[in-house]
Structure formats: structure tokens, C-alpha cells
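Colleague: Going down the list, the sequences are from chains A and B.
Under this note's numbering, the residue at position 110 of the first sequence is numbered 110, and the numbers go up by one with no gaps.
Under this note's numbering, the residue at position 102 of the second sequence is numbered 1102, and the numbers go up by one with no gaps.
Ideal Cβ placement from N, Cα and C applies to all residues, glycine included.
The following block contains the structure, expressed as C-alpha cells.
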Amino acid sequence: AQTVTQSQPEMSVQEAETVTLSCTYDTSESNYYLFWYKQPPSRQMILVIRQEAYKQQNATENRFSVNFQKAAKSFSLKISDSQLGDTAMYFCAFMNGRDDKIIFGKGTRLHILP
Amino acid sequence: DGGITQSPKYLFRKEGQNVTLSCEQNLNHDAMYWYRQDPGQGLRLIYYSQIVNDFQKGDIAEGYSVSREKKESFPLTVTSAQKNPTAFYLCASSPGVFSGNTIYFGEGSWLTVV
């Protein structure tokens, strides 16, 4: 069975700093997709970034980038020049390419301090 | 507007009662999902469906039931067998791994047992 582990339950950084959220996963599949989602206090889930496992190039979206290490089964999220609006829960997610099953980690609560 | 609509947003249930949470999408997505969110537990998969008239159990299916009679609808019934149903419930959909893999979420439903 696939599992997703986020080892940092909570983090705090100063505004404008860079922060990295870690995520590891376990799977025997070769075709899969990885995501980072942001959940602000409104509880609305917002896609931050996604990565196809068959692509070696790390995905980037403006201030957000990932470090995808397929052999190590690691998928960390880096937030550069952090802003107060980045304060939220962040979830790492794994999508099985065989049967569309999607599972999430337990989340990291990120606080951006002024 | 295209999206996922969950209703009701807030629901109170007496012990021993079954309740049904509605999830409708107009995105023409094949795959639909139900997740439960508890504090510190992240999102746990209850059921998912890849196509009409077919669905699979997730990690915490006991005490829940679903149906997928129409492509756009995936209602979740919380039965009296679910011992601790108070939680935040999220419905999601995806085009399916062979058609794209972005996951879209509804705004969620709060269920409280009184």
C-alpha cells in the first residue's frame, strides 16, 4: 500500500525567508503523480504544485519549487521569499497512476511570522 | 461556473441517524473522491470512484456508503455504524490519470453529532 509521510507537524519562519517542507512516500508503482496542496483557515484546498514521476525536471510555480528525488522517494516543497499569505496547512499527496487512488500526508502547519 | 458543490455546509446529526452528504461536479470528471479530515490526521480516503456504477473502498470505509449512478454525482451516506462521525468532509474530483491529473475540491461539509 502507498503511504505518504510528512515529518514536520508544524513550522514557523520569518517573512521573506525560505522554508522547505519535507515529504516522503512509499510505493512500488512506476507511474504516479505527486502534489502539494495548501489549506488556509477557510479550509479550501488549493493546488500549489504538481509533479509527474516520469519527469526528471523539478516543477516550479513562481515562488514554489519542489525537489523531487525519485530514488529516495522524496518530494520536498521549497517556498522562497515567504509571505504572510503563505500561512496555512500544507499537504503532500500521491496519485496512483494505475487506479486513480489519491492519498494525502498528515500535513505541515506553516506559520509565516511578520 | 464550473466546479464541485458540496451540500449542506453544516449538518447536525442525532446519534443513530443516517445522513447523506451531497457532492455534485460539472467538470465532466471521471474520478470522484470522499475524504474525512480530523485535527492532526490530514485527509483520509473514505471511498473513490473511477467511473459510473463503480467505486472502491479507501482506508476508512467502515460506517460509510456511496453510490455513483451519475457521472456528476457522488453522495456519501454516514450510517449509524460510524462510531465517531463528527468531522470535516471533503469531496474531490479528477479527470482521471489517463486524461489529466489535477484534483479539484469542494468547499467541504461539517458534520456534528449531537
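#1: Can you find a CB in chain B that lies within less than 9 Å of the CB of Met11(A)?
#2: Measure from the C-beta of Glu61(A) to each C-beta in chain B and report whether the shortest distance is under 9 Å.
#3: With DSSP run on the structure shown, which of helix, strand or coil describes Asp1054(B)?
#4: What is the C-beta distance between Arg1044(B) and Val1113(B), in whole angstroms, given that I count them as a contact (C-beta under 8 Å)?
#5: Give the straight-line distance between the Cα atoms of Glu1024(B) and Arg1036(B), rounded to the nearest whole angstrom.
#6: Beta strand (DSSP E) containing Met11(A): first to last residue?
#7: Output yes or no for whether 9 Å exceeds the beta carbon distance between Tyr32(A) and Met95(A).
#8: Check Asp86(A) in the structure and name its three-state DSSP category.
#9: If we count the other Cβ atoms within 10 Å of its Cβ and call it buried at 16 or more, is Gly1016(B) buried or exposed?
Modeller: So, from the data block:
#1: no
#2: no
#3: coil
#4: That belief does not hold up - the Cβ atoms of Arg1044(B) and Val1113(B) are roughly 18 Å apart, past 8 Å.
#5: 17 Å
#6: 10-14
#7: yes
#8: helix
#9: exposed
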